[in-house]
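Notes follow once the structure below has been shown.
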Amino acid sequence: MKGKWGYGDWLRECFCILCLLWSLYPLLFIGELPEGASVPKHYNFRGEVDSWGSIRWLYLPPILSFVLYIVLSVLERMPKILNYPVKVTENNREMLYMMAVKMLRAEKVLCMFTMGLVNHVSYSATTGSCESCGWMTGVSVCAIITPALYYTFKMITNGKRYE
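Quick note on the UniProt record's numbering: the sequence shown kicks off at 1 and runs consecutively.
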């Protein structure tokens, strides 16, 4: 599964790193927030803030982004250790590994983007520049779940063909 990276692979990694930096961006302006400002720390499924916390909550998305980036990057290079929805055989091994790597790459992009978005929206809600961010929660959840469902279904249907 180790091959040379193409143009698209480098582009994807650059996008992930830019999103990681985007999640750090609000921290540059943390000193401009008023003393004792509250930051959204949880959104309900309708996207409404249902819990507030201290400014320190703005540090969580960049930390999670960094950890997720490292974990997903390592897993991309080790598809053998993942669980698969069908039995891995000599016939379907390469196809399953390839699909798993594609799924992890899609998840990495979406997780990095979502973490950047969450921190940006949280900072905007703190400053009052974001009135309604109700769309964020549903879109984020759907965006992260969709590739996992798609590739799992694809592994099941294509994996059985090779058994």
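Backbone N, C-alpha and C fix where the C-beta goes; we use that ideal spot for every residue, glycine too. Since the structure is predicted, the reported quantities are computational estimates derived from the model, not experimental observations.
Do residue i and residue j have their C-beta atoms closer together than 8 Å?
i, j, result
"G47", "T114", "no"
"R12", "V109", "yes"
"I156", "V49", "no"
If we ignore side chains and look at the alpha-carbon of each, how far apart do residue i and residue j end up?
i, j, result
"residue 179", "N158", "For residue 179 there is no data in the structure shown, the boundaries of the chain being 1 and 163."
"C16", "I70", "11 Å"
"L33", "Y59", "14 Å"
"M78", "C142", "26 Å"
"S65", "E90", "35 Å"
"Y7", "S38", "42 Å"
"G36", "D9", "43 Å"
"A125", "N44", "15 Å"
"I81", "W57", "33 Å"
"F153", "T146", "11 Å"
"L28", "R161", "52 Å"
"Y25", "Y123", "10 Å"
"T127", "S51", "16 Å"
"E94", "C130", "46 Å"
Leaving aside the five residues before and after residue i along the sequence, list all residues of the same chain whose C-beta is less than 6 Å from its C-beta, in chain order.
i, result
"C111", "L68"
"I63", "none"
Going along the chain, which residues of its own chain have a beta-carbon closer than 8 Å to the beta-carbon of residue i, five neighbours each way excluded?
i, result
"A148", "M103 and E107"
"V74", "none"
"I144", "E107, L110, C111 and T114"
"T84", "Note that residue 84 is Tyr in the sequence shown here, rather than Thr. Once the five neighbours on either side are set aside, the close Cβ partners of Y84 are L96, A100, M155 and G159."
"residue 166", "Lying outside 1 to 163, the shown extent of the chain, residue 166 is not represented and no answer is given."
On the CB-based measure, 16 or more other CB atoms within 10 Å of its CB, does residue i come out buried or exposed?
i, result
"I55", "buried"
"M98", "exposed"
"L20", "buried"
"V121", "buried"
"S140", "buried"
"Y151", "buried"
Less than 7 Å between C-beta atoms, sequence neighbours within five positions excluded: which residues of the same chain meet that for residue i?
i, result
"P61", "S23, M115, V118 and N119"
"V88", "L96"
"R105", "R12 and E76"
"W5", "none"
Roughly how far, in whole angstroms, is the beta-carbon of residue i from the beta-carbon of residue j, given that I think they are within contact range, below 8 Å?
i, j, result
"G53", "K41", "4 Å"
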